[in-house]
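J.: I have a structure here, written as structure tokens, and I will follow up with some questions on it.
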Amino acid sequence: MFFSSNLRLLRKRRGLTQEHLAVALGIKRPTLNNYENKVSGPPLDVLTTLADYFGLSMDTLVRVDLSKLTNFQLKDLEGGNDVYIRGSRLRVLTSTVGPDNEENIELVPEKAKAGYLTGFSDPEYISSLPVFRLPFLDREKKYRTFQISGDSMLPVPEGAWVTGEFILDWYTIKNGDACIIVTRDEGISFKIVQNEIKQKGSVKCISLNPLYEPYDLAVEEIREIWRFVHYISPELPQGKVEVEHLLRSINTIQQDVGALKDHLLTGKGVGH
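With my numbering applied, the sequence shown covers 35 to 306.
Put into structure tokens, the structure is as follows:
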């Protein structure tokens, strides 16, 4: 049980003295001191009050060692994203930090994608990934970089390194957001997203390359979503998409003209 250490950690993160917290909870300071030093445990009503005060569930307050979490993970919990409270698919992200206790950006190269699909929640696997830092990114957010394959998101070239910001609450995704989506069966894909979770329980995935048709992806299939931040590539964007789009448009017109001819000939035959 981690109640005592968690209580001390949470109090200090809010910059509160024992006296201040005791007053807020309606208990005596020596009583709070006893809780923090494992001299005594709180009754159920006080434990409930403490959990409500810090915005956590009693399970988290008692059973989870909060000292093992990163600052990013603690901020998510303190922001109301406790999985026990929300009863949703939200989870604490497996992450790594450097010697300075700052979040790393893990790199998921093409050859590591298969392993990522089964190891994304395994601390040992995540710690085996190469890491780097980008000093211009927000330190309060969590980022990860994935190497993309295929040409579905041209003009972002194949092999580019796409960095995304971890999205804890998928309802916050806006239509038109570019996202890296980790799924159970489809693997890792980079798409423009139309959020239809409330209406259909799914997201529509749209490619920048018009040669690829949009498709729906049920939330049950999704493991992680990362909102696009930027990409790194040694290649300059090319105009390949415009040419292919033109060819596709011509092909569509030809098919429509052919269908119209068939319709006219069939209609003429019926008239005679």
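Glycine residues also receive a C-beta, built at the ideal position from the N, C-alpha and C atoms.
These figures come from a predicted structure and were not determined experimentally.
Do three or more CB pairs link the region 95 to 106 to the region 70 to 78 at distances below 8 Å?
T.: Flag = no, the region 95 to 106 and the region 70 to 78 do not touch.
J.: Quick check on the DSSP output: what are the complete alpha helix (DSSP H) runs of length 4 or more inside the region 115 to 190, in order along the chain?
T.: List check, alpha helix (DSSP H) in window: 117 to 120, 147 to 153 and 157 to 161.
J.: Which of the three DSSP states, helix, strand or coil, is assigned to Gly210?
T.: Working through the sequence shown from its first residue, we reach residue 210 at position 176. Gly210 falls in the coil class under three-state DSSP.
J.: Need the endpoints of the beta strand (DSSP E) that Phe262 sits in, please.
T.: As a working note, residue 262 is residue 228 in the sequence shown. Start and end: Ile256 to Ile266.
J.: When burial is assigned at 16 or more other CB atoms within 10 Å of the CB, is Val291 buried or exposed?
T.: By 1-based counting over the sequence shown, the position of residue 291 is 257. Exposed, since its Cβ has fewer than 16 Cβ neighbours within 10 Å.
J.: If you compare alpha carbons, which of Asp185, Ile201 and Ala85 is closest to Trp1?
T.: In the structure as shown, the chain begins at 35 and stops at 306. Residue 1 is therefore absent and cannot be evaluated.
J.: Express the C-alpha separation of Asp211 and Val190 in angstroms, rounding to a whole number.
T.: On the sequence shown, residue 190 is found 156 positions in, with the first residue counted as 1. On the sequence shown, residue 211 is found 177 positions in, with the first residue counted as 1. Distance between the alpha carbons of Val190 and Asp211: 15 Å.
J.: Between Phe36 and Asp93, which are expected to be in contact by the criterion C-beta below 8 Å, what is the C-beta distance as a whole number of angstroms?
T.: In the sequence shown, the residue the question calls residue 36 occupies position 2. In the sequence shown, the residue the question calls residue 93 occupies position 59. Wrong, their Cβ atoms sit about 11 Å apart, outside the cutoff.
J.: Identify every residue that forms a DSSP beta bridge with Phe36.
T.: Taking the sequence shown and counting its residues from 1, the one referred to as residue 36 is at position 2. None, per the DSSP bridge assignment.
J.: Given a threshold of 16 other Cβ atoms within 10 Å of its Cβ, counted over all protein chains shown, does Cys82 qualify as buried or as exposed?
T.: For the purposes of this step, residue 82 is taken as residue 48 along the sequence shown, with counting starting at 1. Per the sequence presented here, residue 82 reads as Thr, with Cys not at that position. By the neighbour-count rule (16 or more Cβ atoms within 10 Å), Thr82 is not buried but exposed.
J.: To which residues of the same chain is Asn40 closer than 6 Å at the C-beta, ignoring the five residues directly before and after it?
T.: The residue labelled residue 40 in the question sits at position 6 within the sequence shown. Result list for Asn40: Leu95 and Leu100, in chain order.
J.: Taking only three categories from DSSP, how would you classify Ser74?
T.: Within the sequence shown, numbered from 1, the residue matching residue 74 stands at position 40. Three-state result, Ser74: coil.
J.: Kindly indicate the opening and closing residues of the alpha helix (DSSP H) around Ile231.
T.: For the purposes of this step, residue 231 is identified with residue 197 of the sequence shown, where counting begins at 1. Its alpha helix (DSSP H) spans residues Ile231 to Lys234.
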